[in-house]
Every structure is written in C-alpha cells, then in structure tokens.
Amino acid sequence: MTSTFPENRTAVVTGAGAPRGIGRHVARALAASGWDVAVLDIDEASVKDFAGELAGETGRTVVGIGVDISDKDSVEAAFAIIDRELPPVVAEVNLAGIPSPHTIFEIDDAIWDRVMDVNAKGTLFMMQAAATRMIQGGHGGRIVNTSSITAYDGGGTFSKTGYAAAKAAVLGLTRGGARELGKHGITCNAIVPGPIDTDIMGGTLTDERKAGMSSDIPLARVGQPQEVAGLIKFLVSEDSSFVNGDSVFVDGGKHMV
Ligand SMILES: NC(=O)c1ccc[n+]([C@@H]2O[C@H](COP(=O)([O-])OP(=O)(O)OC[C@H]3O[C@@H](n4cnc5c(N)ncnc54)[C@H](O)[C@@H]3O)[C@@H](O)[C@H]2O)c1
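Shown next, in the form of structure tokens:
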C-alpha cells in the first residue's frame, strides 16, 4: 500500500527543547518544507518559546508542548493537544533521549530504569500514539526513531553500556514497527548518528574534544545537527516511500572503522 499525504499535515518532533539540539534543526527543516509541527520536550518553557519563534519565522502552525515521553499519560495528554490544534499527524520523529556515562558496575536500578524508560519506552509510547492516528486517518505515515552508533560500538565516554542497550532496543522497536505497521502505509526507520555537535555530551564540545572524537571518523570531523536534519527530512518525505525497517548511519563513516 502506498500513500498520498494530506496537503495539511503535522510532523511531531520530540526533543526540540535543547537550544543546540538536533530536534530544533529538524523542526526548522520540516517547517521550511511545508509541514506544520508539534515540538515536544520535557522542558516545556523552552519548547513553547521555540514554537513561537519558528511559527513567526515560517508562517506555519507550530505548537510547543511539554511532555515526559516515558509517561504514557503525559504522551496521551500531548496528543490530545495535537489532535485539537493541528492537522493530521503524518510524521513522528523521536529524538528525545538521555545519555548515560555509567559503567556496568555503576548502573543501579534507578539509572537503568531511567535510561531505558526515556530512550526505549518513551519511543514506544510515541510510536503507539502516532501510529494510532496515522491508521485512523488512513493516510499512512512516517516514523523515524533515533538510535546511536553506541548501539553498535558499545559506547564512548558519555554514552556507555546502559545507553548502548537502550539504543539497541530502539533498533528492535523500529524493525518490529516496520513489520507491523507497513500494511497501513506507515514506514518506520531509525537514524544512527555518530558524534554530533550538540550539548548532549555534558556541554558544548571544545575544539580539543571534537578533535579527539574525530580520530576514528573517516570524514575527520564530528557532524552538525543540520546534517542529521537533512536525513530526517528525506525519511519523512514521500520520496522515501519504499525505505522501511532500515537503520541509516549518519556518522561520517565511523561505523566502518
Ligand atoms: N549528539 C550526539 O552526538 C548523538 C549521537 C547519537 C545519538 N544521539 C541521539 O539523538 C537524539 C538527540 O540528541 P541531541 O544531541 O539533540 O540531544 P540534546 O540533549 O541536545 O536534546 C535532547 C532533548 O531531549 C529532551 N528530553 C530528555 N528527556 C526527555 C523526556 N523524558 N521527555 C521529553 N523530552 C526529553 C531534552 O530536554 C532535550 O531537549 C537523542 O536521542 C540522542 O541520544 C545524539
């Protein structure tokens, strides 16, 4: 089953609260290419400010909503606002996530639960809410989840074993979603970023730290959030209609090394 998206359509983007994060660049790229956007984040004040800014810049409808994606009631409350204030949800981009710099022996119940709850269970709750609406609308859709190179290489300094496990779970959620939702014209793919120049690794990266991180990247530099946004823009477009269940590296070639 192929699908033609409605002319007025919404992309839901989680993790758009961080001023230098990937989510904002994705929201900007999608608003500029004709999507209305719901920007969601646990930092409600930040995402609401950003929504006002982006609506002013683009003339699109942009709604900022506070949510904790690991809490199903919070996700449902966010979607109730989306249902009321925006056109049909056609794309869901799950970027909200947290790192975990803990070693195997440092991980306790609370650390394990939080890193799995936000990165994996939160992704599941968002998929459930978005796919329900895409099926009801009968127009198909696009789900893009966010894994990490850490799921493959076991991690670095700021993202160790617990995070690697959670981001590997995201790959399973993506493939299961692709298999189950395909018959409804919904594709489900994962992006797999390598080091990207945001603040997730404990603050703004110094030039020295970037140089250290670049040593095993064939392109010899860390990525920019705009470069991740470009991939996501393609994956939510109608041009990606036969790409399903894939995990696309956006890592400058780090996965080959
Ligand atoms: N930056 C990188 O190097 C890199 C590499 C691989 C994967 N990733 C993944 O890409 C995604 C975006 O990363 P980023 O670098 O933009 O991170 P970031 O820290 O800049 O942004 C993450 C956002 O998620 C939000 N968030 C955290 N917990 C939440 C929750 N429970 N509910 C709702 N929102 C919540 C934060 O408030 C923040 O705005 C993350 O999933 C991250 O794991 C990033």
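Just so you know, we're using full-length UniProt numbering here: the sequence shown kicks off at 1 and counts up by one.
We put the CB at the ideal spot given by N, CA and C, even for glycine.
| Asked | Found |
| --- | --- |
| How do the stretch 59-67 and the stretch 31-49 stand: do at least 3 beta-carbon pairs fall below 8 Å, yes or no? | yes |
| Starting from residue 92, follow its DSSP beta bridges and name the residues at the other end. | 12, 143 |
| Considering only their Cβ atoms, is the gap separating residue 118 from residue 69 smaller than 8 Å? | yes |
| For residue 222, which of 205, 147, 12, 229 has the nearest alpha-carbon? | 205 |
| My output table needs one value for residue 98: the three-state DSSP class, helix, strand or coil. | coil |
| Examine ligand 1 and report whether any of its heavy atoms sits within less than 7 Å of the Cβ of residue 14. | yes |
| Hey, residue 201 and residue 249: beta-carbon distance below 8 Å or not? | no |
| Using the rule of at least 16 other Cβ atoms within 10 Å of the residue's Cβ for burial, across every protein chain shown, is residue 203 buried or exposed? | exposed |
| Per the DSSP calculation, residue 247 is bridged to which residue(s)? | 190 |
| Rounded C-beta distance between residue 13 and residue 27? I'm assuming under 8 Å. | 5 Å |
| Consult DSSP for residue 200 and reduce its assignment to one of helix, strand or coil. | coil |
| Could you have a look at residue 256 and say whether DSSP puts it in helix, strand or coil? | helix |
| Using only alpha-carbon positions, find the residue among 6, 83, 152, 10 that is nearest to residue 164. | 152 |
| Span of the beta strand (DSSP E) holding residue 64? | 62-66 |
| Going by C-alpha to C-alpha distance, which of 5, 4, 10, 51 sits closest to residue 19? | 51 |
| With a cut-off of 8 Å on the beta carbons, I'd call residue 174 and residue 247 a contact; round off their distance for me. | 7 Å |
| What are the boundary residues of the alpha helix (DSSP H) that residue 55 is part of? | 44-58 |
| Suppose you measure from the CA of residue 44 to the CA of residue 24; what does that come to, to the nearest Å? | 14 Å |
| Under the criterion of a Cβ to heavy atom distance below 7 Å, does residue 20 qualify as lining ligand 1? | yes |
| Quick one: Cα of residue 211 to Cα of residue 195, how far? | 11 Å |
| Out of 224, 8, 15, 139, state which residue places its alpha-carbon closest to the alpha-carbon of residue 193. | 224 |
| What separation, rounded to the nearest whole angstrom, lies between the Cα atoms of residue 137 and residue 120? | 26 Å |
| Provide the residue span of the alpha helix (DSSP H) that contains residue 118, from first to last. | Here residue 118 belongs to no alpha helix (DSSP H), and DSSP marks it neither H nor E. |
| So, with DSSP's three-state summary, where would you put residue 237? | coil |
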